[in-house]
Amino acid sequence: RDRETRWAGGVDAMALTAVTPVEPVVLSSDEEDEGKLKLSDSPSEMRICLTRPPDKDNELVKVAARYGAAGILAVMRKHKDFSWFIVMSLRAVQMCLGPRHESLDVQPVLRECDPIAFAVEMMELEMIDEIFQLMKYFSHVRDVHHHGLAIMEILIMDDPEWRDEVARKGAANILVEIAKQRKDSPSIMCQVMTCMSYLAAEDYIEVMLCQHDALHYVAYILTDFGSSAELVTRASLALLNMTVCEPHVEELMDKGAILPVLTVLGRYAKDIHLVIILMGVLANFSVKDDARTLLVKEKVLNHIAAAMRLDPSNAVLQVACLKAVVNYSIDAEHYMIMDSLGIPNLVGQMMVDHTDDPGVQRYGNYFLGYHTQCPIM
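Residue numbers 47 to 423, in my numbering, belong to the letters of the sequence shown in order.
Rendered as structure tokens:
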């Protein structure tokens, strides 16, 4: 009984004892401490989600910046079974490759990393192959797709060698599979459409993408997401590069996906940048006789005339409009419709206004009959 009394008293004593926590001092961010791995026990930092930390707390950025592509690849291989670790690793790679003006404020250690050298090392290690495998393995994790697509976009933006590399590793199939899985996610589809547009700039990759039915998802965006200007712009760029080949225009006609372009054009008739892109798409469509007939019935020439009047001083816009309309001039019936809309007068005026622009003069002469038919643009 004495033992029980002592035990009860001990419990009471413990319950009434005040415990004052001692908070450790956090290191200051002096230059000598900059970039060092540090831990802190402050309550605010303890609340950070360890599996999805903000960029400033992602310690893998320091690994990638200091040890290069080989270093972060070794870490990814060791922890390849943990999706949250792969997300942090891919984000670190993305920051090492991406623009520096904002990232340096978040992670000053990126000053030690040359993005070009990092990309070259990735090419030598064939690292994109392993990134693609992880994107397939963790296809259920949205952030893996998000950061993987961001890495691909940076690499292929203006580098034909990287376009060849990712195409060789199966980028066309991966992009279409992601589009199939996440077709109702505007942010992911923006990334998919951007990657498609860059890759389709290479003719043989355009064919590869269309073999995997990429046109279906481009048409889906134009039909179902017409209210999203950014997504429509990226899809239109992809469509522009994926309809250079005539059989792809035929495929779109079979899918009934020609006319949504006119719907988008009508909705964004005042957006000069998007209008220029869509004029290029209409130029690609115009090489097919049946496509021209269908489009004329749906008032395409009215849209082109309105685009010509949108900004007569913009030579790029005027050339795009000329390319879109020039093949219609070979058909007498179509020419009469254009004449009723005042298009020949607009062409003559733009040739006067832009005498120094070779594109305006060239396609203006095609339209006015100095050549019987314009070849593929």
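All C-beta atoms, glycine included, are put in the ideal place defined by N, C-alpha and C.
Quantities reported herein were computed from a predicted structural model and do not represent experimental measurements.
Check your understanding: Smallest Cα separation from residue 322: which of 157, 395 and 358?
Key -> 358
Review point. Would you call residue 307 buried or exposed, if buried means 16 or more other Cβ atoms sit within 10 Å of its Cβ?
Key: buried
Practice item. Could you tell me which of 337, 319 and 240 sits nearest to residue 300, measuring between CA atoms? Key: 337
Check your understanding: Can the beta-carbon of residue 135 be found less than 8 angstroms from the beta-carbon of residue 118?
Key -> yes
Check your understanding: What three-state label does DSSP hand residue 364 in the structure shown?
Key -> Residue 364 sits in a helix when the DSSP states are folded into three classes.
Exercise for review: Could you tell me whether the stretch 168 to 180 touches the stretch 225 to 235, using the rule of 3 or more Cβ pairs below 8 angstroms?
Suggested key: no
Review point. Secondary structure at residue 333, three-state DSSP: helix, strand or coil?
Key: coil
**Study point:** Cβ separation of residue 405 and residue 365, assumed to be a contact under 8 angstroms, to the nearest whole Å
**Key:** Approximately 4 angstroms separates the beta-carbon atoms of residue 405 and residue 365; this is inside 8 angstroms, confirming the contact.
Point to revise | Alpha-carbon to alpha-carbon, residue 113 and residue 202 | key: 23 angstroms
Exercise for review: Please state if the CB of residue 280 and the CB of residue 239 are separated by a distance shorter than 8 angstroms.
Suggested key: yes
Practice item. Just mark residue 384 as buried or exposed, buried being the case when its beta carbon has 16 or more other beta carbons within 10 Å. Key: buried
Exercise for review: Would you mind working out which of 374, 317, 210 and 381 sits nearest residue 328, comparing C-alpha positions?
Suggested key: The option with the nearest alpha carbon to residue 328 is 374.
Practice item. Decide if the stretch 211 to 222 is in contact with the stretch 242 to 260; the criterion is three or more beta carbon pairs, one per stretch, under 8 angstroms apart. Key: yes
Practice item. For residue 372, I'd like the list of residues in its chain whose CB is within less than 6 angstroms of its CB, leaving aside the five on either flank, ordered along the chain. Key: 409, 412, 413 and 420
**Study point:** Complete alpha helix (DSSP H) runs within the stretch 215 to 278 (minimum length 4 residues, chain order)
**Key:** Along the stretch 215 to 278, the alpha helix (DSSP H) occurs as fully enclosed runs of 4 or more residues at 217 to 227, 232 to 245, 249 to 257 and 260 to 270, listed in sequence order.
Check your understanding: Do residue 351 and residue 318 have their C-beta atoms within less than 8 angstroms of each other?
Key -> Going by beta carbons, residue 351 and residue 318 fall outside the 8 angstroms limit.
Practice item. For residue 358, name the three-state secondary structure that DSSP assigns. Key: Three-state DSSP puts residue 358 in coil, outside helix and strand.
Exercise for review: Would you check if the distance between the CB atom of residue 236 and the CB atom of residue 277 is smaller than 8 angstroms?
Suggested key: yes
Exercise for review: Express the C-alpha separation of residue 341 and residue 305 in angstroms, rounding to a whole number.
Suggested key: 7 angstroms
Review point. For residue 234 versus residue 181, is the C-beta spacing smaller than 8 angstroms?
Key: no
Check your understanding: For residue 160, does the three-state DSSP call read helix, strand or coil?
Key -> coil
Point to revise | 8 angstroms Cβ shell around residue 102 - same chain, five flanking residues per side excluded | key: 152 and 153
Practice item. Taking residue 198 as the reference, give the member of 243, 393, 155 and 156 with the closest Cα. Key: 243
Check your understanding: Residues in its own chain within less than 8 angstroms of residue 400 by CB, not counting five upstream and five downstream?
Key -> 361, 364, 406 and 407
Review point. Cβ of residue 164 within 8 angstroms of Cβ of residue 142?
Key: yes
Exercise for review: List the endpoints of the continuous alpha helix (DSSP H) containing residue 142.
Suggested key: If you look at residue 142, you'll find it in the alpha helix (DSSP H) that goes 129 to 143.
Check your understanding: Do you know offhand how far residue 160's Cα is from residue 174's?
Key -> 18 angstroms
**Study point:** Straight-line gap, residue 312 to residue 283 (C-alpha atoms, nearest Å)
**Key:** 17 angstroms
Practice item. Please look up how many angstroms separate the CB atoms of residue 309 and residue 298, rounded, as I've assumed it's under 8 angstroms. Key: The pair is not a contact, with the Cβ atoms about 14 angstroms apart (cut-off 8 angstroms).
Practice item. Quick one: grab the DSSP three-state call for residue 302. Key: coil
Review point. Sorted by chain position, which residues of the same chain lie with C-beta nearer than 8 angstroms to residue 218's C-beta, five sequence neighbours on each side aside?
Key: 245, 251, 254, 255, 257, 258 and 260, listed in sequence order.
Review point. How long is the line joining the alpha carbons of residue 121 and residue 296, rounded to whole angstroms?
Key: 47 angstroms
Point to revise | Collapsed DSSP secondary structure at residue 461 in the structure displayed | key: The requested residue 461 does not occur in the structure, where the chain is confined to residues 47 to 423.
Practice item. Might you give, ordered along the chain, the residues of its own chain that have their beta carbon closer than 7 angstroms to the beta carbon of residue 367, omitting 5 neighbours on each side? Key: 325, 350, 353 and 354
Review point. How is residue 315 classed by DSSP in three states: helix, strand or coil?
Key: Coil.
Check your understanding: Looking at residue 264 and residue 189, is the spacing between their C-beta atoms short of 8 angstroms?
Key -> no
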